[in-house]
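Structure record follows, encoded as C-alpha cells.
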Amino acid sequence: MKDKRILYVSSEVVPYLPETEISSMSFETPRMVNQQGGQIRIFMPRYGNINERRHQLHEVIRLSGINLVINDLDMPLIIKVASIPKERIQVYFIDNDEYFKRKATLTDEDGNLFPDNDERAIFFAKGVIETVKKLNWSPDIIHVHGWLASLLPMYLKQYYKDEPLFNESKIVTSIYNQSFEGTLNKDMINKVKFDNIDESHIKELEKPSYNSLMKVAIDHSDALIIGSEEIPEELNKHLKKSKKPVLDYKSKDEFGEAYVEFYNTQVLG
C-alpha cells in the first residue's frame, strides 16, 4: 500500500468513542495501511461526548468557516483535528454547533434516534468532501464505515460528480450489522432532492431505514466489504444484485492481508 492515498470516513472511531465493530475496524484498517507506508486521513463527526481536552482536539481555522447548505439553511462547518497517540495518524472531526454539540452520538438517553440524524448525515457527507477539497488531497480509495457516513458515496457520485479531485477515486463501503430501529426523518428524501439529486438515485430513501441507507451506499460504491459476520438478508441480496466486487467477512485478527489484496486487485486493479 506504499504511497497509496486512502481516505477513511466513519461514524465512529476508537479511541474517541467506545469500542464497537465499526469503531474498532475504523481504527485498525487505517493503522494497518499506515504501517505499510500508505498515506491516510480519517474523518469522523465531532460528537459532543468526545472529550476535546483529553484527546487534544483543536480547530483548524484555515479549513473551517465555510457554510454548507442543508435543506435551504446555511450551516457553518467547523473542522477540528487530533492525532491518535503512538500511531502518527491524523483524525479530522466534522463539527457544527447545531448538529454535534449535544452530549451524545446518535440517540438520546432513552435510546430514541435524534430527529435530525438525516440532516447530520447530509452535513457530514458534504463536510468531508468540502474539507478534502480544501486540503487539495486526491484519494486513491475512499473507505466508508457506518450508516451516518453512508450518504458519502452518493454525494460523491452525484452532487460532486464534476469535481476533478475525485476523478480517479474508488469508493469502498463496509456493510455492518450495527443498525437502528425504524426510520430516520420521513422528509429525508426531499432534503437530499434539494441538492438537485435526481430521485432515481435515492428512491430507497422514501422510507429511510437502515437497509435503505445502505442500499443507496451500495449503489454508489465501486466495491463492498462485509464488515459483520451476519448482515441483513435484504442487504445480502442487494450486494449480489449489484454485481460489484464484494469481500466476505474477515475478523479483526485476519483482515489485514485480505483487505490489502482486495484494495490492490479488486478496487484499484
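Numbering (UniProt numbering), first residue to last: 1 to 269.
The beta carbon of each residue, even a glycine, is placed where N, CA and C say it ideally should be.
Where the alpha helix (DSSP H) containing residue i begins and where it ends
| i | result |
| --- | --- |
| residue 271 | In the structure as shown, the chain starts at 1 and stops at 269, and residue 271 therefore has no counterpart that could be examined. |
| residue 217 | 210 to 219 |
| residue 131 | 117 to 135 |
| residue 165 | Counting along the chain, residue 165 falls outside any alpha helix (DSSP H), and DSSP gives it neither H nor E. |
| residue 237 | 233 to 242 |
| residue 7 | Where residue 7 is concerned, there is no enclosing alpha helix (DSSP H), although the beta strand (DSSP E) it sits in stretches over 5 to 10. |
| residue 152 | 152 to 157 |
| residue 192 | 188 to 193 |
Spatial neighbours of residue i in its chain, beta-carbon cut-off 6 Å, leaving aside the 5 residues before and after
| i | result |
| --- | --- |
| residue 120 | 99 |
| residue 134 | 63 |
| residue 179 | 210 |
| residue 32 | 256 |
Contact belief for residue i with residue j at Cβ below 8 Å, rounded distance in angstroms
| i | j | result |
| --- | --- | --- |
| residue 125 | residue 173 | Going by Cβ atoms, the distance from residue 125 to residue 173 rounds to 12 Å, so no, they are not a contact pair. |
| residue 220 | residue 26 | In fact, because the Cβ distance is near 20 Å, the residues do not count as touching under 8 Å. |
| residue 48 | residue 5 | The pair is not a contact, with the Cβ atoms about 31 Å apart (cut-off 8 Å). |
| residue 214 | residue 171 | About 14 Å separates the two Cβ atoms, so there is no contact after all. |
| residue 45 | residue 93 | 7 Å |
Own chain residues within Cβ distance below 7 Å of residue i, not counting five before or after
| i | result |
| --- | --- |
| residue 232 | 211 |
| residue 177 | 228, 230, 231 |
| residue 128 | 9, 43, 94, 152 |
N- and C-terminal bounds of the beta strand (DSSP E) containing residue i
| i | result |
| --- | --- |
| residue 260 | Note, residue 260: premise wrong, no beta strand (DSSP E); alpha helix (DSSP H) at 255 to 261. |
| residue 44 | 39 to 45 |
Cβ shell of residue i (< 8 Å), same chain only, five flanking positions each side left out
| i | result |
| --- | --- |
| residue 30 | 6, 8, 40, 42, 89 |
| query | What beta strand (DSSP E) runs, 3 residues minimum, are completely inside the stretch 53 to 99? | reply | The qualifying runs are 67 to 70, 73 to 76, 78 to 84, 89 to 95.
| Is the stretch 199 to 208 in contact with the stretch 184 to 191, if contact means three or more CB pairs nearer than 8 Å? | A contact between stretches requires three or more CB pairs, one per stretch, nearer than 8 Å, and the stretch 199 to 208 meets this requirement with the stretch 184 to 191.
| query | Is there contact between the stretch 103 to 116 and the stretch 53 to 61, where contact requires at least three CB pairs shorter than 8 Å? | reply | Cβ pair count under 8 Å is below three, so no.
| task | Report yes or no: do three or more beta-carbon pairs, one from the stretch 73 to 92 and one from the stretch 146 to 157, lie closer than 8 Å? | result | By the Cβ test, the stretch 73 to 92 is not in contact with the stretch 146 to 157, since fewer than three Cβ pairs between them sit closer than 8 Å.
| request: Run through the stretch 12 to 40 for me and flag every whole beta strand (DSSP E) of 3 or more residues, listed as ranges in chain order. | output: Qualifying beta strand (DSSP E) stretches: none in this window.
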